[in-house]
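Residue numbers (this note's numbering): 103 to 674.
Just so it is clear, CB atoms sit at the ideal spot from N, CA and C, and this is done for glycine as well.
First up is the structure itself, then whatever we jot down about it.
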């Protein structure tokens, strides 16, 4: 029976692929109306925050109320009760689909029958279920029974997870392709297995991945990757017990990663030097978290990292190599997290529940690698990043992000490989299905080693130009978009959106800090374009297909007058 279903699912996957001639390896699924029943988005123009009204907690005066029962309602991929989805192909897909095992759903929940009722645990369990790439959406409903205890209903909707990974994307004049298969819910147990042949501008080869987010229905997570590429091999082995919930008291794990590859340096979108780079990284860590207090949690992690970067010349090497780096160091990491989640729609996806945290998310790491352990200069290793979202009005959302990372060389008393990024996003919702969107990003780098570049081009947001077209030690990018979120199901398989956009940006060197490249003073670049957004609604959630056409406003002989871009991203 199992083999028949596997064959049937494979056949259906191929029929889906031929129907669309698109990268079906990145699809999602809308939850049936029965799963969206109590969480409804107001259609009036008053709710321009696009916040979904959540069901209020049960009205109970019993402070000792317990969870009396947990009932699972698992919906299939297609809702054949709807006329638009009641056809032979979709009915066959539902029969061939192996649904998620109930034990997998229960292993993700943060509550059990007989435990005291906690509304926060229900809300966070919903978010954890929505993070699973084999589920499109989830809703947890709590009702008080006649005994004063709580009956809980967990409603989920499955996605189609066995897919041929046949994809093609083009961005900034460079092509990427992949052929293989991906199963994100192996036999209904929530495991991911994939095998693919991938090709891009730098390499081609084979990639195998096995990812188990809940080993034996526990909170342990394991991941194995192996790649055999034209320029080398790589492997990754990881076993962790993560901070799976906001108030998880501790976390620990280990990771081993090694890769050999050929890397390239770019000038005006063209490779001008290549080199071989080998990376070996081993890490262990242990973390502890304080209990949630006033919606805040604080985590402290201690760990040890041993990292080696080795560089070797090849025939295409035309500039001096970076010096080999060996960093072996203990580190301490602090994480401050504020729990202030709301449910919204039509920001990063299209008519799908999104979990937006309006609270602070701050993480800082500091380590020290002594020269006696690393056969290199002594270095302090540091990083700091934070995220914050804020509604400044009934229809305006701001998102803030900042990141800084690099080294401090003790012997030379200078910063090395310093890279900072600050970004602001602004949404002005003019209606339920239309927005103005602005993104402004600033980047700054200092004393980059010869294996690193700060670049700007088609793959980093300047959509009318080739990849890595400009580079420097600082850059800015401003993107303005008019976004459309259409409540339309393309063939009952895609939610559809659109965008008209303008990108303005520049990367440049300050004064005479450019020592490796001879580059003339770079101008501010501009482009305009139109884009179509397809949010897959029946397979792997959390991705969106971008079909863009962009025209550069600065004219160059080595830049096409029109750039065609096909890519798969995580958001609108």
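Just the C-alpha distance for residue 569 and residue 600, rounded to the nearest angstrom, thanks. Locating residue 569 in the chain shown gives position 467, where the first residue counts as 1. Locating residue 600 in the chain shown gives position 498, where the first residue counts as 1. The alpha-carbon atoms of residue 569 and residue 600 are separated by roughly 23 Å.
Just to confirm my understanding: we take residue 364, look at its own chain, exclude 5 residues before and 5 after, and list those with CB closer than 6 Å. What are they? As a working mapping, residue 364 is identified with position 262 in the chain shown. Contacts found: 333, 376, 378.
Buried or exposed: residue 137, going by 16 or more other Cβ atoms within 10 Å of its Cβ? Taking the first residue of the chain shown as position 1, residue 137 is located at position 35. Residue confidence is low: residue 137 scores 41 on pLDDT, short of 50, so the model does not pin down where it sits. Its coordinate-derived value is still stated next. Residue 137 is buried by the Cβ-count criterion.
Here's the rule I'm using: 16 or more other beta-carbon atoms within 10 Å means buried, otherwise exposed. How should residue 605 be labelled? For the purposes of this step, residue 605 is taken as the residue at position 503 of the chain shown. Taking every protein chain shown into account, the CB of residue 605 has 16 or more other CB atoms within 10 angstroms, so this residue is buried.
Closer than 6 Å by C-beta to residue 432: which residues in its own chain qualify, once you throw out the five before and the five after it? Chain order, please. Mapped onto the chain shown, residue 432 falls at position 330. Excluding positions up to five away in sequence, the list reads 406.
Tell me where the alpha helix (DSSP H) around residue 348 begins and ends. As a first step, residue 348 is located in the chain shown; it is residue number 246 there, counting from the start. Premise fails: residue 348 is in no alpha helix (DSSP H) and is neither H nor E.
Report the rounded CA-to-CA distance for residue 653 versus residue 635, giving the unit in angstroms. Stepping through the chain shown from its first residue, residue 653 is reached at position 551. Stepping through the chain shown from its first residue, residue 635 is reached at position 533. One C-alpha to the other measures close to 18 Å.
Bridge partners - residue 456, DSSP secondary structure assignment: In the chain shown, counting from the first residue as 1, residue 456 sits at position 354. Note: residue 456 sits in a beta bridge opposite 446.
In three-state DSSP terms, what is residue 194? Counted from its first residue, the chain shown places residue 194 at position 92. Under the three-state reduction of DSSP, residue 194 is assigned to helix.
Determine the burial state of residue 445: buried for a count of at least 16 other Cβ atoms within 10 Å of its Cβ, exposed for fewer. Numbered from its first residue, the chain shown carries residue 445 at position 343. Flag for residue 445 reads buried.
May I ask which residues mark the beginning and end of the alpha helix (DSSP H) holding residue 232? On the chain shown, position 130 is the one that residue 232 refers to. In the DSSP assignment, residue 232 falls within the unbroken alpha helix (DSSP H) covering 221-233.
Which of the three DSSP states, helix, strand or coil, is assigned to residue 204? Stepping through the chain shown from its first residue, residue 204 is reached at position 102. Residue state, collapsed to three classes: helix.
Residue closest to residue 602, alpha-carbon to alpha-carbon, out of 611, 586, 608: Sequence index remark: in the chain shown, residue 602 carries index 500 (1-based). When each option's Cα is compared against that of residue 602, the closest is 586.
CB-CB length for residue 151 against residue 493, believed under 8 Å: Within the chain shown, the letter at position 49 stands for residue 151. Within the chain shown, the letter at position 391 stands for residue 493. Going by Cβ atoms, the distance from residue 151 to residue 493 rounds to 6 Å, so yes, they are a contact pair.
Excluding the 5 residues flanking residue 482 on each side, which residues of the same chain have their C-beta closer than 6 Å to its C-beta? Counted from its first residue, the chain shown places residue 482 at position 380. Same-chain partners within the cutoff: 470, 510.
Could you pull out every residue in the same chain whose Cβ sits closer than 8 Å to the Cβ of residue 316, ignoring the five residues on either side in sequence? Looking up residue 316 in the chain shown gives position 214. Once the five neighbours on either side are set aside, the close Cβ partners of residue 316 are 206, 209, 210, 292, 322, 323.
Our contact map puts residue 527 next to residue 565 with C-beta atoms below 8 Å; I'd like the distance itself, whole angstroms only. Numbered from its first residue, the chain shown carries residue 527 at position 425. Numbered from its first residue, the chain shown carries residue 565 at position 463. Going by Cβ atoms, the distance from residue 527 to residue 565 rounds to 17 Å, so no, they are not a contact pair.
Whole angstroms is fine: what's the gap from residue 357's alpha carbon to residue 290's? Within the chain shown, numbered from 1, the residue matching residue 357 stands at position 255. Within the chain shown, numbered from 1, the residue matching residue 290 stands at position 188. Cα-Cα distance, rounded: 27 Å.
Closest residue to residue 663 among 448, 646, 672, 631 (Cα-Cα distance): Position 561 of the chain shown, counted from the start, is the residue given in the question as residue 663. Out of 448, 646, 672, 631, 631 has the C-alpha closest to the C-alpha of residue 663.
Could you tell me the alpha carbon to alpha carbon distance between residue 388 and residue 408, rounded to whole angstroms? For the purposes of this step, residue 388 is identified with residue 286 of the chain shown, where counting begins at 1. For the purposes of this step, residue 408 is identified with residue 306 of the chain shown, where counting begins at 1. One C-alpha to the other measures close to 16 Å.
If I follow the unbroken alpha helix (DSSP H) through residue 474, where does it start and stop? As a working note, residue 474 is residue 372 in the chain shown. Segment 473-476, the alpha helix (DSSP H) holding residue 474.
Please report the distance separating the alpha-carbon of residue 464 from that of residue 441. Counted from its first residue, the chain shown places residue 464 at position 362. Counted from its first residue, the chain shown places residue 441 at position 339. Those two C-alpha atoms are separated by around 12 Å.
Run through the segment 300-331 for me and flag every whole beta strand (DSSP E) of 3 or more residues, listed as ranges in chain order. Within the segment 300-331, complete beta strand (DSSP E) segments of at least 3 residues are found at 306-314, 323-331, given in chain order.
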